[in-house]
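**Student:** Just passing along the structure, written as structure tokens.
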Amino acid sequence: MGEAFIPVGALGEGFAPDSNALEPTDDLSGARFALDLDGLRELAIGDNVASWGAHRDVPVRVTSIRDGLYLVDGVAGEVSTTFVLDTDAGLVTLVEGALPGPEARAESAYNRVRRGADPTGVTALIAHGAFRGSSTARHGPTDELVGLRNRYTYSPNEVYEHIYLSAERYTWHCLSGVEQGLADTDRCHHIAIREQLTLFVWREKIVPTLGLILVDLDGLRTDGKIFGNDGFDTCSLVNFPAGARAEIVNRTAHPASEG
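Residue numbers for the sequence shown follow this note's numbering, beginning at 8 and rising by one.
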């Protein structure tokens, strides 16, 4: 246990016992949302399934970290698909993630950066929109987490820390659990959803992984998921819930650059 990189499926098995992930809700069962979102016109949610665009009855998990705010998450084909819905503000953000194929996995991070690409082959498309006719506002980038060092307790056995270095880079470190002792610095994205509530998305480069959590600095908890392959392969997929109790360990403030 620990100090060896493991497939995402094994990570999910470690996270599962006595998890702090939120329980699913049926608040949105039967709801339909008319959208103005990157060409999407409607999102319809049933009992543990959702339909949008060309996708019909995709199994989803629906959770709510705050009143009127919902995470609708599933996998459509081979694409991780997550809607963040603010039903009070009438706003929506969509995150679509994909894992690299065999050729991309075989290319080293060194060769990727030599040709100007990200070190990771995991991709994430992030689009912001609104319920049709409800708002001209949109979710957008934020630096609220930058400078924080947070500790996340996903279960009695799984504890990690995140150090938010910049708008594009963060460091994760497993303090206890199946990855104990492991750490890395990876590509990330920060999106402001509400006051003291950030959608944080990361893309790992060693074991291809897409992670996504809502970080609630007011309630000091998170809600989200981790998506990857069940084993060290390109075929089997796993998409498991990841929610944690949060602690702010410290905050680092860097002086503004001059000139």
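No residue lacks a Cβ here, since even glycine has one placed at the ideal position from N, Cα and C.
Can you check whether the CB of R194 is closer than 8 angstroms to the CB of T127?
**Tutor:** In this structure, R194 lies closer than 8 angstroms to T127 by Cβ.
**Student:** Compare the Cα-Cα distances from R228 to each of T88, N27, N164 and G123 and report the closest residue.
**Tutor:** Answer by Cα proximity: N27.
**Student:** At the level of alpha carbons, what is the spacing between G235 and I220?
**Tutor:** Between G235 and I220, the C-alpha separation is close to 15 angstroms.
**Student:** By how many angstroms is the C-alpha of V82 removed from the C-alpha of N246?
**Tutor:** Spanning the two alpha carbons is a distance of roughly 8 angstroms.
**Student:** Tell me which same chain residues have a C-beta within less than 8 angstroms of the C-beta of A111, skipping the five on either side of it?
**Tutor:** So the list reads G128, once near-sequence residues are dropped.
**Student:** Identify which residue in D45, D225 and W209 has its Cα closest to the Cα of S173.
**Tutor:** It is W209.
**Student:** Among residues of its own chain, excluding the 5 on either side of S142, which ones have a beta-carbon nearer than 8 angstroms to its beta-carbon?
**Tutor:** Here the set comprises A96, G97 and L98.
**Student:** DSSP state of P107, grouped into three classes?
**Tutor:** Of the three classes helix, strand and coil, the one that applies to P107 here is coil, per DSSP.
**Student:** Per DSSP, A251 forms a beta bridge with which residues?
**Tutor:** Answer is T229.
**Student:** Looking only at its chain, what residues have a beta carbon closer than 6 angstroms to the beta carbon of G75, apart from the 5 residues adjacent to it on each side?
**Tutor:** Once the five neighbours on either side are set aside, the close Cβ partners of G75 are T94 and D95.
**Student:** Would you mind stating whether V91 and E103 have Cβ atoms separated by less than 8 angstroms?
**Tutor:** No, the pair does not count as a contact, with Cβ atoms beyond the cut-off.
**Student:** With DSSP collapsed to three states, give me the class of L18.
**Tutor:** Helix, per DSSP.
**Student:** Looking only at DSSP bridge pairs, what is F12 linked to?
**Tutor:** Beta-bridge pairing links F12 to no other residue.
**Student:** Apart from the five residues on each side of it in sequence, which residues of its chain come closer than 6 angstroms, Cβ to Cβ, to V256?
**Tutor:** For V256, where only same-chain residues beyond five positions count, the Cβ hits under 6 angstroms are R156 and R158.
**Student:** Per DSSP, which residues does F40 bridge with? Please list them.
**Tutor:** Answer is L50.
**Student:** Given that a residue counts as buried once 16 or more other Cβ atoms are within 10 Å of its Cβ, and exposed if not, what is Y117?
**Tutor:** So Y117 counts as exposed.
**Student:** Within 10 Å of its beta-carbon, does T259 have 16 or more other beta-carbons around it, so buried, or fewer, so exposed?
**Tutor:** The residue in question, T259, is exposed, as its Cβ has fewer than 16 Cβ neighbours within 10 Å.
**Student:** Buried or exposed for S115, going by 16 or more other Cβ atoms inside 10 Å?
**Tutor:** Per the 10 Å Cβ criterion, exposed.
**Student:** With C-beta atoms as the reference, is G147 less than 8 angstroms away from I198?
**Tutor:** Yes, these two residues count as a Cβ contact at 8 angstroms.
**Student:** Can you list, in chain order, the stretches of the beta strand (DSSP E) that have 3 or more residues and sit fully within the segment 133 to 205?
**Tutor:** Here the runs fully enclosed are 155 to 160, 166 to 171, 176 to 183 and 190 to 201.
**Student:** Could you pull out every residue in the same chain whose Cβ sits closer than 8 angstroms to the Cβ of G16, ignoring the five residues on either side in sequence?
**Tutor:** G235, N236, D237, G238, S243 and V245.
**Student:** To the nearest angstrom, report how far apart A144 and I133 are at their CA atoms.
**Tutor:** The straight-line gap from Cα to Cα measures roughly 16 angstroms.
**Student:** Considering only C-alpha positions, which residue in the set E20, A113 and E49 is nearest to G136?
**Tutor:** The candidate whose alpha carbon is nearest that of G136 is E49.
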